[in-house]
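S.K.:
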Amino acid sequence: MSRDLSASIATSLFPAGAFAAALAVSPLAMGAAAPVVKIDGSSTVYPITEAVAQDFQRAKLHEVHVNIGVSGTSAGFTKFCRGETDLSNASRPILKKEMDDCAKAGVRFYEMPMAYDALTVVVNPQNTFVNRLGVADLRKLWEPEAQNRINTWKDLNPAWPAQKINLYAPGADSGSFESFTEVVVGTAKSSRSDVQTAEDHAVLAQRIADDKDALGYLSLDYYVENGKKLKAVAIGDGKEAVLPTVANIRNGSYQPLSRPVFLYVNEKSLEKPAVKDFVDFCMKNAERLVVEANYLPLPARAYSENLERINARKVGSVYGGENKARPRPVDMRKLLDALMHGS
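So that you can map any letter, position 185 of the sequence shown is 323 in this note's numbering, and since no number is skipped, the others follow by simple counting.
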């Protein structure tokens, strides 16, 4: 799926005469092709870059096209490391193999943390008995060996009914799938195969809303958007299980499913004025637009430091090409410090 945001509601933003006057002096009116900013990757991060693109194009009187694809984090990195896109949305850090692919193609990049996110485990609201699950429960349910062993709610908990569990998850190219399987199962992309999948979290949300025996996971903003149709499950192996609230995500108690999400920028693409303007606009307005996209913004200094990294030409990943999703609790502020300063 992709979306060309250049065809947005220009006529509703400007009176007909005013828009025509603006267009008359624009490159489009002179027959020049409009500059294009190409973005692809994570469906999780898509709402953030969509919000940025909409505001950016309004500010530019729609003289710049922003094309956003949603092929998933892994497929997005494949395109990015081939030099096919200017920016890549990612719900996990770039991996070592992907860094090697970029290096072979001569693609140097900047890594920019954009927001806090939380993978949210959800069931259908008609489910009245699943209110909390431990990570051990999730592992018992999602590990490959569970496929022929855990098929009903009663198999997971003897106190629950003997109805079939229908599992839903993001697709294999999704960073959300990789993060979840790494922290829950212990190995990235290790999962039972009898799961209904979709790259688009909005599709997942609707399928779970339509299935009273569903259990799945998706990004926090899609839960927020569909909160009346979904029921979040508290996570915790001890006495206290916690929900993915703003406070719990920021203080690190919602673990191990809290994570940062990223935007990667091709260094060479910044030679294009449209791309440079887009990245500057993104970072200078990120706090507001991240909130509008139903995510938790990072501290303001994180976005200014993203731009400082570009000015200092500090290319590469401070994660060293590893997916450091961690199965132990971690304070999100400390994680941000590690991201920004490589500690």
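Even for Gly, the Cβ is constructed at its ideal location relative to N, Cα and C. Nothing here was measured: the structure is a model prediction, and the numbers come from that model.
In whole angstroms, what is the alpha-carbon distance linking L225 and D293?
M.R.: 44 Å
S.K.: Between E405 and R246, is the Cβ-Cβ spacing less than 7 Å?
M.R.: Result yes, Cβ atoms of E405 and R246 sit closer than 7 Å.
S.K.: What residues in its chain sit with their C-beta under 7 Å from that of A438, if we drop five residues either side in the sequence?
M.R.: E425
S.K.: So, at 6 Å on beta carbons, what are the nonlocal neighbours of I448 in its own chain, with the 5 sequence-adjacent residues on each side left out?
M.R.: Y248
S.K.: I'd like to know whether the C-beta atoms of E316 and A326 end up nearer to each other than 7 Å.
M.R.: Going by beta carbons, E316 and A326 fall inside the 7 Å limit.
S.K.: Once the 5 residues before and after R277 are set aside, which same chain residues still bring their CB inside 7 Å of it?
M.R.: V322 and V323
S.K.: DSSP on P282, reduced to helix/strand/coil?
M.R.: Correct three-state label for P282: helix.
S.K.: Span of the beta strand (DSSP E) holding N304?
M.R.: N304 to P308
S.K.: Kindly list the residues whose CB is nearer than 6 Å to the CB of N364, restricted to its own chain and excluding five residues on each side of it in sequence; keep chain order.
M.R.: The answer, listed in chain order, is A343.
S.K.: Look up K176 in the DSSP assignment and say whether it is helix, strand or coil.
M.R.: DSSP, reduced to helix, strand and coil, places K176 within a strand of the structure shown.
S.K.: Quick one: what's got a C-beta closer than 7 Å to D193's C-beta in the same chain, skipping five residues either side?
M.R.: N423 and L427
S.K.: Starting from L353, trace the beta strand (DSSP E) both ways and give me its first and last residue.
M.R.: A352 to S357
S.K.: Go ahead and label P382 buried or exposed: buried means 16 or more other beta carbons lie within 10 angstroms of its beta carbon, across all protein chains shown.
M.R.: buried
S.K.: Per DSSP, F247 is paired with what?
M.R.: Residue pairing for F247: DSSP places it in a beta bridge opposite N404.
S.K.: Between the segment 176-184 and the segment 205-223, can you find at least three pairs of beta-carbon atoms closer than 8 Å?
M.R.: yes
S.K.: Closest to D332 by CA distance: which of R230, S312, V268 and E281 is it?
M.R.: Residue E281 holds the alpha-carbon nearest to the alpha-carbon of D332 among R230, S312, V268 and E281.
S.K.: Considering only C-alpha positions, which residue in the set P308, I303, G374 and I387 is nearest to K350?
M.R.: I303
S.K.: Identify whether R287 lies in helix, strand or coil by the three-state DSSP scheme.
M.R.: coil
S.K.: Where does I373 sit, in a helix, a strand or coil, going by DSSP?
M.R.: For I373, the three-state secondary structure derived from DSSP is strand.
S.K.: Could you pull the start and end residues of the beta strand (DSSP E) that A297 belongs to?
M.R.: From DSSP, A297 is part of no beta strand (DSSP E); its letter is neither H nor E.
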